[in-house]
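Every letter in the sequence shown is one number past the one before it in our numbering, and letter 117, counting from 1, is 101.
Glycine included, each C-beta is placed from N, C-alpha and C at the ideal position.
Everything numeric in this text was worked out from a predicted model, so none of it was measured.
Report on one structure; see the data block that follows.
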Amino acid sequence: MLTKRQNLLETIRGGNPDRYVNQFEALAIVGNPYSATNPAPKPGEVNIVNAWGVTRSWPAGTPGPFPVHTGDKIVCPDVTEWKEKVHAPNVVFSDEDWAPFVAQAEKVDRNEQFVTHYVAPGVFEQCHYLMEIQNCLINFYEEPEAMHELIDYITEWELKYAEEVCKHLKPDALFHHDDWGTQMSTFLSPAMFEEFYLPAYKKIYGYYKEHGVQVIIHHSDSYAATLVPYMIEMGIDIWQGVMRSNNIPELIQKYGGQITFMGGVDSALVDYPGWTRDVVEKEVRSICEACGTKFFIPNTSQGGAMSTYPGVYEAVAEEIDKMSKELFK
């Protein structure tokens, strides 16, 4: 029987996996001093200000936190003033600060799992966190020069962060968040995405790959099928959070071997008050039968090993195990 790590590699390489990779089982996410000291809301908490000065809330019963842009809570209302308004937080910490996280990484059996670094939000999300989503999208048209400058600034910060993480933790995998669309469309046209974000991510993901990171997993629980060629170009190995609106079987047929698709169990369809095992079984079965056993990892679309309502993630995992026994023979 393959280890969880070996099974994931066989899956994304089109080899001979002996079962489905069961959601996030192969990833051992390890913290770091920056993430440990960057304030973040827990479910039910509101108006928590993070290291970038962004206010976020996580209302009870919702899938995750989101920025608050009411009143005076927008960090950078005018993107042309970003140099005065936006101040990247420190990512350089002492060896003593790193020590507990290095110890955490050392406890991971790297033959069984990938030591995984987690980043959220990504470059696009950081832009709209700082400016508010509508203002951000308008600025791509009205202030493209300032947007390029701000994206470069955020990218350089991510590269400094990556340098510190790679030096101390030596991660095998990166799990990076950045939602690039709604359920039905991308926020930016492919051409605009290529202009503004492809260069940034080629630098960031290229740095991780050059410094020992073997697998890059990118979370975007949205429609982003039109961006898959750019995902491949920037070095993404696994697109996590891929929703059914993307026509996953068609994407696997077209791009399998270049990228793997992780998702297919839309969280909104299974993770709700009064959820039932019958619904979970139906959703898991239908997507597994449609997508097959290579270049696909069944998973809820939510960006982590969690669910909004207790028991859903675990129920999905159990149904995936059942499908493995049925489809891998």
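Item	Value
Among residues of its own chain, excluding the 5 on either side of Asp262, which ones have a beta-carbon nearer than 8 Å to its beta-carbon?	none
So Ser229 packs on Met131, CB below 8 Å; how close in whole Å?	In fact, because the Cβ distance is near 27 Å, the residues do not count as touching under 8 Å.
Anyone know if the C-beta pair for Val30 and Ser41 falls short of 8 Å?	yes
Look up Pro323 in the DSSP assignment and say whether it is helix, strand or coil.	In the structure as shown, the chain begins at -15 and stops at 313. Residue 323 is therefore absent and cannot be evaluated.
Ala208 lies in the beta strand (DSSP E); which residues open and close that run?	Looking at the DSSP string, Ala208 is not in any beta strand (DSSP E), and its letter there is neither H nor E.
Measuring alpha carbon to alpha carbon, tell me which of Asn119, Asn283, Thr292, Asp79 ends up nearest Ala301.	Asn283
Using the Cα positions of Ile122 and Ala87, report the straight-line distance between them to the nearest angstrom.	45 Å
Give the C-beta separation of Thr210 and Pro174 to the nearest angstrom, bearing in mind that I take them to be a contact with Cβ-Cβ under 8 Å.	5 Å
Can you check the segment 56 to 144 for any alpha helix (DSSP H) of at least 4 residues that lies completely inside it and give the ranges in chain order?	66 to 69, 79 to 90, 107 to 115, 117 to 126
Give me the Cβ distance between Lys186 and Glu217, rounded to the nearest whole Å; I'm assuming they're in contact under 8 Å.	7 Å
So, using beta-carbon positions, are Tyr214 and Glu178 closer together than 8 Å?	yes
Within 10 Å of its beta-carbon, does Thr39 have 16 or more other beta-carbons around it, so buried, or fewer, so exposed?	buried
Grab me the residues of Pro233's own chain with a C-beta within less than 6 Å of its C-beta, minus the 5 sequence neighbours each way, in chain order.	Ala274, Cys275
Looking at C-alpha atoms only, which residue of Gly287, Asp93, Val249, Ser285 is the closest neighbour of Ser270?	Val249
Alpha carbon to alpha carbon, how far is Trp223 from Val212?	9 Å
Rounding to the nearest angstrom, what Cα-Cα distance links Ala208 and Lys309 in this structure?	31 Å
Three or more C-beta pairs under 8 Å: does that hold for the segment -15 to 0 against the segment 17 to 29?	no
Out of curiosity, what's the CA-to-CA distance linking Ile281 and Val107?	25 Å
How would you call Gly196, buried or exposed, if buried means at least 16 neighbouring beta carbons within 10 angstroms?	exposed
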